[in-house]
Structure formats: structure tokens, C-alpha cells
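Enquirer: Sharing a structure with you now.
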Amino acid sequence: MIKIQTVSLVDLLPVPIRNDPAMAAAAAALDIQLQETYRMIAGLDIFRRSAEWTNEETDELAWQFSPPYYDPDLPLEQKRLLIQNAIPFHRHKGTAGAVEDLIAILFGQGAVEEWWQYGGDPHHFRVVTNNADVTAERAQEFIAAVDAVKRLSAVLDSVTISQAEQLPFYFGGFLHFGEHITI
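In UniProt numbering, the protein residues as written are 1 to 183.
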């Protein structure tokens, strides 16, 4: 099997032509150009080299792919994840999964509870997250992110922050033995 990454034109030449020094030299010179062209083509695959994107590249790619809730002030890794998932977000926009995926990228873990799971009104939902950073300062950012991927007819009822802590638990008990004599 011949691969373009490793092929040499000298190997493809017929034996009588391969033995001609001028033809072998011309094929070797073209090999260098072909390998350089292959390296340039491989560099065009932007998603394969996403770990190398700079802030400027992510901002340009965000303009092109328009991921939901893109903020240039986000950390670079979050911006990369938003761009890499832009097409799947657009495919699944309006679903609870899209809301959960966006929350996972921007705020850590989070789950969507539909109205029928907690006894709410039809077309309503709420979000449960364990990220303590979703406080009053970031509440508007959180709501804007959810609004970017939810259905337009869906209504966000509340955002519940659940927090689990390791607390010492002490259990005590007593037992009393005695007699009760009534005279």
C-alpha cells in the first residue's frame, strides 16, 4: 500500500527510467516539494490541531462557527471546547442534552430536570448544579448560557446549587438499667 505521506517518486519510476541519473534527480527534487505540500495540507485540518489554537484563532473560528454563548473573556480551553462542539450544539439545540453539555463546558457539572420530573408547569425546567461559582455574580452569565441553547418556548424556573461536604458525624446513645419499685 502506498501512502502519500511516505511515497517517493523515485520508487514509482519504471526501472529503466529510475537508473537514469537525470530522471532520478528530478524525481528526488519533486519529492521534497510533494512532502512540503503534504505538510501544508495537513495543517489545514483545524480541528486536528485544536490544542494549538491561540486566542486570536479561537475568536476567528468562533465568528465562523458561532458556538452558543461564546465570550472572548472565557479561558482558552473553554473557548476551544465551545468551538469544537459548535456543530453538535447546533444539531441538538433545544434539547435537555444540549443544555447539560453547555453547562458542563462552562460551569462544570449540571443536570436538567424537566417539568414532569419535579411537578412544575408544562414547558418549564430547572437546572441543578454542584458548582458553587454559580452565584449572584455569575447568575446572569449562567442564564444567558442556558438561553443560548434551550427551546424558545421553554422556561427556566430555577437554578439549584447542590453542595456535598464531608462533615464529621458523631452518633451517641445511652442505656439506663435500673429498677423501679412501687410500694
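Note that the Cβ used here is the ideal one computed from N, Cα and C, for glycine as well.
Curious, which full-length alpha helix (DSSP H) runs of at least 4 residues does the stretch 101-173 contain?
Expert: Taking 4 residues as the minimum length, the alpha helix (DSSP H) runs contained wholly in the stretch 101-173 are 115-118 and 136-149, in order along the chain.
Enquirer: Using the three-state DSSP reduction, which class does residue 91 fall into: helix, strand or coil?
Expert: helix
Enquirer: Applying the 10 Å Cβ sphere with the 16-neighbour rule, what's the burial state of residue 183?
Expert: exposed
Enquirer: Rounded to a whole number of angstroms, what is the C-alpha to C-alpha distance between residue 138 and residue 82?
Expert: 18 Å
Enquirer: Tell me where the alpha helix (DSSP H) around residue 41 begins and ends.
Expert: 21-42
Enquirer: Excluding the 5 residues flanking residue 163 on each side, which residues of the same chain have their C-beta closer than 7 Å to its C-beta?
Expert: So the list reads 130 and 132, once near-sequence residues are dropped.
Enquirer: Does the stretch 77-93 touch the stretch 110-124, meaning 3 or more C-beta pairs lie closer than 8 Å?
Expert: no
Enquirer: Pairs of beta-carbons, one from the stretch 95-113 and one from the stretch 32-49, closer than 8 Å: are there three or more?
Expert: no
Enquirer: Where residue 66 and residue 141 are concerned, what is the direct C-alpha to C-alpha distance, given to the nearest angstrom?
Expert: 17 Å
Enquirer: Check for me: the alpha helix (DSSP H) holding residue 65 runs from which residue to which?
Expert: Looking at the DSSP string, the run of the alpha helix (DSSP H) that includes residue 65 is 55-65.
Enquirer: Grouping DSSP H, G and I as helix and E and B as strand, with all else coil, what is residue 181?
Expert: Per DSSP, reduced to three states, the secondary structure at residue 181 is coil, with no helix or strand assignment.
Enquirer: On the CB-based measure, 16 or more other CB atoms within 10 Å of its CB, does residue 6 come out buried or exposed?
Expert: exposed
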